[in-house]
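**Q** Protein sequence lines, in the order shown, are assigned to chains A and B.
Under our numbering, the residue at position 29 of the first sequence is numbered 29, and the numbers go up by one with no gaps.
Heads up, our numbering is the position in the second sequence plus 1000, with the first residue counted as 1.
Built from N, CA and C at the ideal position, the CB exists for glycine as well.
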Amino acid sequence: MSIKRSLLTGAHFLNGDVACAEGAIAAGCRFFAGYPITPATEIAEHLSERMPEFGGIYIQMEDEIASMAAVIGASYAGLKSMTATSGPGFSLMQENIGLAVMTETPCVVVDIMRGGPSTGQPTLPGQQDVMQAKWGSHGDYEIIALAPCSVQEMFSLTVEAFNLSETYRVPVLLLGDEIVAHMYEKVVIPPPDKLRIVNRKKPHVPSKDYQPFMPEEDFVPPMASFGEGYRFHATGLTHDEHGYPKTQSSEVQARLVRRLCDKIRRNVDKIVRVEEIMTEDADVVVVSYGIVARSALSAVRKARAAGIKAGFLRPITLWPFPEKQVAKAAARAKVIVVPEMNCGQLVREVERVAKSTPVSFLSKLGEDPHTPTEIFEAIKRGI
Amino acid sequence: MRVEIRFAGFGGQGIIKSGIITAAAACLYAQKNAVQTQSYGPESRGGACKSEVVISEEEIDFPKVDIPDVLVVMSQHAYNEYAGNMKENGTLLLDPDMIPVEMELKNVKIFKVPATKIAEDLGRKIVANIVMLGAFVALTGVLDKDALKEAILANVPKGTEELNVKAFEKGYEYGKNLLSA
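1. Give the residues from the region 1011-1043 of chain B that approach chain A closer than 7 Å (Cβ to any Cβ), ordered along the chain.
2. Anything in the region 1055-1072 of chain B with a Cβ closer than 7 Å to a Cβ of chain A? List those residues in chain order, please.
3. Pick helix, strand or coil for residue 396 of chain A, following the three-state DSSP scheme.
4. So with Cβ pairs under 8 Å, would you call residue 45 of chain A a contact of chain B?
5. Whole-angstrom Cβ separation of residue 175 of chain A and residue 144 of chain A, contact assumed at under 8 Å?
6. Using a threshold of 8 Å, state whether the C-beta atoms of residue 94 of chain A and residue 67 of chain A are closer than that.
7. Residue 197 of chain A by DSSP, collapsed to three states: which one?
8. Residue 1180 of chain B lies in the beta strand (DSSP E); which residues open and close that run?
9. Check each candidate in A:282, A:291, A:333, A:324 and name the one with the smallest Cα separation from residue 309 of chain A.
10. Provide the residue(s) that pair with residue 339 of chain A in DSSP beta bridges, ordered along the chain.
11. Report yes or no: do the region 256-270 of chain A and the region 225-237 of chain A share at least 3 C-beta pairs separated by less than 8 Å?
12. At the level of alpha carbons, what is the spacing between residue 147 of chain A and residue 315 of chain A?
13. Whose CA, out of B:1079, B:1084, B:1089, lies closest to the CA of residue 1100 of chain B?
14. Can you list the residues of chain B that residue 371 of chain A reaches, using a CB-CB cut of under 9 Å?
15. With C-beta atoms as the reference, is residue 149 of chain A less than 8 Å away from residue 180 of chain A?
16. Taking only runs of the alpha helix (DSSP H) that begin and end inside the region 15-39 of chain A, which ones reach a length of at least 4 residues, in chain order?
17. Under 8 Å between C-beta atoms, does residue 113 of chain A make it to chain B?
18. Relative to the C-alpha of residue 1034 of chain B, which candidate in B:1172, B:1006, B:1057, B:1127 has its C-alpha closest?
19. Can you give me the C-alpha to C-alpha distance between residue 275 of chain A and residue 294 of chain A, rounded to a whole angstrom?
20. Tell me, please, whether the region 80-97 of chain A touches the region 34-47 of chain A by the rule of three or more beta-carbon pairs shorter than 8 Å.
21. Residue 1161 of chain B to residue 236 of chain A, Cα distance in whole Å?
22. If we define contact as Cβ-Cβ less than 8 Å, is residue 183 of chain A a contact residue for chain B?
23. By Cβ distance below 7 Å, which residues in the same chain neighbour residue 349 of chain A in space, the five residues on each side in sequence not counted?
24. With burial defined as no fewer than 16 other Cβ atoms inside 10 Å of the residue's Cβ, what is the status of residue 1093 of chain B: buried or exposed?
25. For chain B, find out if any of its Cβ atoms is closer than 8 Å to the Cβ of residue 367 of chain A; answer yes or no.
26. When you compare only the Cα positions, how much space is there between residue 1 of chain A and residue 327 of chain A?
27. For residue 123 of chain A, which residues in chain B fall below 8 Å Cβ to Cβ?
28. Output yes if chain B places a C-beta closer than 8 Å to the C-beta of residue 312 of chain A; else output no.
29. Where residue 168 of chain A and residue 160 of chain A are concerned, what is the direct C-alpha to C-alpha distance, given to the nearest angstrom?
30. Just the Cα atoms here: how many angstroms apart are residue 341 of chain A and residue 1007 of chain B?
31. Tell whether a beta-carbon distance below 8 Å holds between residue 155 of chain A and residue 19 of chain A.
32. Starting from residue 73 of chain A, follow the alpha helix (DSSP H) in both directions and report where the run begins and ends.
33. Rounded to a whole number of angstroms, what is the C-alpha to C-alpha distance between residue 14 of chain A and residue 185 of chain A?
34. With contact counted as at least three CB pairs below 8 Å, one residue from each stretch, are the region 1099-1114 of chain B and the region 1037-1051 of chain B in contact?
35. Do the region 50-70 of chain A and the region 25-33 of chain A touch if we need at least three Cβ pairs shorter than 8 Å?
Right under this line is the structure:
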């Protein structure tokens, strides 16, 4: 069997899971630990073939708790690392996602959302893990979550997820859904030198002066790898800049936890990404993400053709939530429509920032996302 | 123009593969836009299964099929489920040996292609989906024959190319004969 070590480039017809796996390879990910689960299995399957071709490691763990732990360890050893799962596995990972937040571990967690709760509908789509992504682990923290709406974005946002995790030393979540994961579309992959790849900051002080949790101006501490010669202590307990536990100090607790939040909150303008189409003069703005956004955009175009001033706002970053952008669109609009494949999750954030602008929620569960006609009707009702 | 195609049958018949090949043909070998989506149960064989393709010259927003222009059915269950939901003057391809009981359908062009039987005659029942794709190209003209053939060659296991091309040609021939009959 021939070994192909080359990165995939050019035009290909791929499914979203495979595009995500190729995005990880392109971003420099060289460690995957996971436990296969529909509809994320093809990510593990594809990486089990591709990782060894690049000298990387693919390991199937006994469960998702161990997978997340292995991902943290690999990142501390210096490798870009990731795992991929779906609802039930995502629940199991929450404790160690909290450990990754506390130990400021760059890593990527892909959650391909299917219908829940519990084992729910394994082969059908959902958007039911949006709030879990933000609040799933205990304690106060900020996290980054991206929502792809196409196979192309399953590639590009996976690369972006690694870049953000390396920049902010935080786990970054890629929140896909069964449809974007399993559908096939054309993907154009740029050559490696045209792809922006970010690597974590390394210490620029001698080993004796290194404090693994001493932040720089951007609130992010440079990160040495275990075994590189730097003294390094890491713990899930509240710790000072040396990494030593300080379980009784109110001051250290406040300083650490506020910084963990601030490194995301105070860099929010650099992190947040949205797609806005025709919102400038819109009376009705449809706020929609993931696969549903495709129907939403179609509905907005339909509405414009019918003479209704409709606009489209797609949060690409679900967390941090694009407050400013949504608030701005809400201030001009008469009504906001939020279609989601759940019983009402991101709509709560929209309502929080929309202030007095009424928000109309459109819920859908099961096999198919909202059709463009369903969203178009909601736009008409709103006017 | 947006063309919506639905392939339906049961798991193991290559229904999902048919959709992938059709969409790949449109987007890699015919310079159109195409999306393939699917729906299947947790079981890998025997469960109801459908594969949908949208082809368009324009960008494709909604990736799913709402009401298909072309329906290809390879099981009784799929026929019962989907035959009643088609665009007016849409095209229906069915395998009559898999669908013993038919209903009355109005304003639909119906073509009966015994794909499973033709595949069995070629020695491998497993290529029935490819026979159907041959007939699909001949009967609908949605895609160019060569584009589809290229996509088949790129998407079937190594060593099975000859058998698959043969199956495709048989289906194509059968479709052409139906048209001239």
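**A** Taking the coordinates as given:
1. Flagged, chain order: 1020, 1023, 1024, 1027, 1028, 1035, 1036, 1037, 1038, 1039, 1040, 1041, 1042.
2. 1061, 1062, 1063, 1064, 1066
3. Examination of residue 396 of chain A is not possible in this model, given that chain A is present from 1 through 383 alone.
4. Your numbering for residue 45 of chain A matches position 45 in the first sequence. Answer no: the Cβ-Cβ gap between residue 45 of chain A and chain B never drops below 8 Å.
5. Here residue 175 of chain A is taken as the residue at index 175 of the first sequence, counted from 1. Here residue 144 of chain A is taken as the residue at index 144 of the first sequence, counted from 1. Not really, about 10 Å apart at Cβ, beyond 8 Å.
6. Position 94 of the first sequence, counted from the start, is the residue given in the question as residue 94 of chain A. Position 67 of the first sequence, counted from the start, is the residue given in the question as residue 67 of chain A. No. Outside cutoff.
7. As a first step, residue 197 of chain A is located in the first sequence; it is residue number 197 there, counting from the start. It is coil, neither helix nor strand.
8. By one-based count along the second sequence, residue 1180 of chain B stands at place 180. Premise fails: residue 1180 of chain B lies in the alpha helix (DSSP H), 1161-1180, not in any beta strand (DSSP E).
9. Position 309 of the first sequence, counting from 1, holds the residue named residue 309 of chain A. Nearest of A:282, A:291, A:333, A:324 to residue 309 of chain A, Cα basis: A:282.
10. Against the first sequence, residue 339 of chain A aligns to sequence position 339. Looking at the DSSP assignment, residue 339 of chain A forms a beta bridge with A:362.
11. no
12. Residue numbering aside, residue 147 of chain A sits at position 147 when the first sequence is read from its first letter. Residue numbering aside, residue 315 of chain A sits at position 315 when the first sequence is read from its first letter. The straight-line gap from Cα to Cα measures roughly 8 Å.
13. Position 100 of the second sequence, counted from the first residue, corresponds to residue 1100 of chain B. Answer by Cα proximity: B:1079.
14. The sequence position of residue 371 of chain A within the first sequence is 371, counting from 1. Here the neighbours are 1062, 1064, 1066.
15. Numbered from 1 along the first sequence, position 149 holds the residue referred to as residue 149 of chain A. Numbered from 1 along the first sequence, position 180 holds the residue referred to as residue 180 of chain A. In contact: residue 149 of chain A and residue 180 of chain A (Cβ atoms closer than 8 Å).
16. Correct list: 16-27.
17. Within the first sequence, numbered from 1, the residue matching residue 113 of chain A stands at position 113. It does not: the Cβ of residue 113 of chain A has no partner Cβ on chain B nearer than 8 Å.
18. Position 34 of the second sequence, counted from the start, is the residue given in the question as residue 1034 of chain B. Here the closest residue by C-alpha is B:1057.
19. Translated into positions along the first sequence, residue 275 of chain A becomes position 275. Translated into positions along the first sequence, residue 294 of chain A becomes position 294. Taking the straight line joining both Cα atoms gives about 12 Å.
20. yes
21. By 1-based counting over the second sequence, the position of residue 1161 of chain B is 161. By 1-based counting over the first sequence, the position of residue 236 of chain A is 236. The alpha-carbon atoms of residue 1161 of chain B and residue 236 of chain A are separated by roughly 56 Å.
22. In the first sequence, residue 183 of chain A corresponds to position 183, counting from 1. So, interface residue.
23. Counted from its first residue, the first sequence places residue 349 of chain A at position 349. Cβ neighbours of residue 349 of chain A beyond the five flanking positions: 321.
24. Your numbering for residue 1093 of chain B matches position 93 in the second sequence. By the neighbour-count rule (16 or more Cβ atoms within 10 Å), residue 1093 of chain B is buried.
25. Walking along the first sequence from the start, residue 367 of chain A turns up at place 367. Yes, because at least one Cβ of chain B sits closer than 8 Å to the Cβ of residue 367 of chain A.
26. As a working note, residue 1 of chain A is residue 1 in the first sequence. As a working note, residue 327 of chain A is residue 327 in the first sequence. The predicted position of residue 1 of chain A is uncertain, since its pLDDT is 41 and thus under 50; no value can be drawn from it.
27. The residue given as residue 123 of chain A occupies position 123 in the first sequence. Those are 1039, 1040, 1041, 1042, listed as they occur along chain B.
28. By 1-based counting over the first sequence, the position of residue 312 of chain A is 312. Under the Cβ criterion of 8 Å, residue 312 of chain A is not counted among the residues facing chain B.
29. Here the question's residue 168 of chain A lines up with position 168 in the first sequence. Here the question's residue 160 of chain A lines up with position 160 in the first sequence. Distance between the alpha carbons of residue 168 of chain A and residue 160 of chain A: 12 Å.
30. The sequence position of residue 341 of chain A within the first sequence is 341, counting from 1. The sequence position of residue 1007 of chain B within the second sequence is 7, counting from 1. Rounded to whole angstroms, residue 341 of chain A to residue 1007 of chain B spans 25 Å at the Cα level.
31. If you number the first sequence from 1, residue 155 of chain A lands on position 155. If you number the first sequence from 1, residue 19 of chain A lands on position 19. Residue 19 of chain A sits close to residue 155 of chain A, with the two beta carbons spaced by under 8 Å.
32. Here the question's residue 73 of chain A lines up with position 73 in the first sequence. Unbroken alpha helix (DSSP H) run through residue 73 of chain A: 64-76.
33. On the first sequence, residue 14 of chain A is found 14 positions in, with the first residue counted as 1. On the first sequence, residue 185 of chain A is found 185 positions in, with the first residue counted as 1. In a straight line, the C-alpha of residue 14 of chain A is about 6 Å away from that of residue 185 of chain A.
34. no
35. yes
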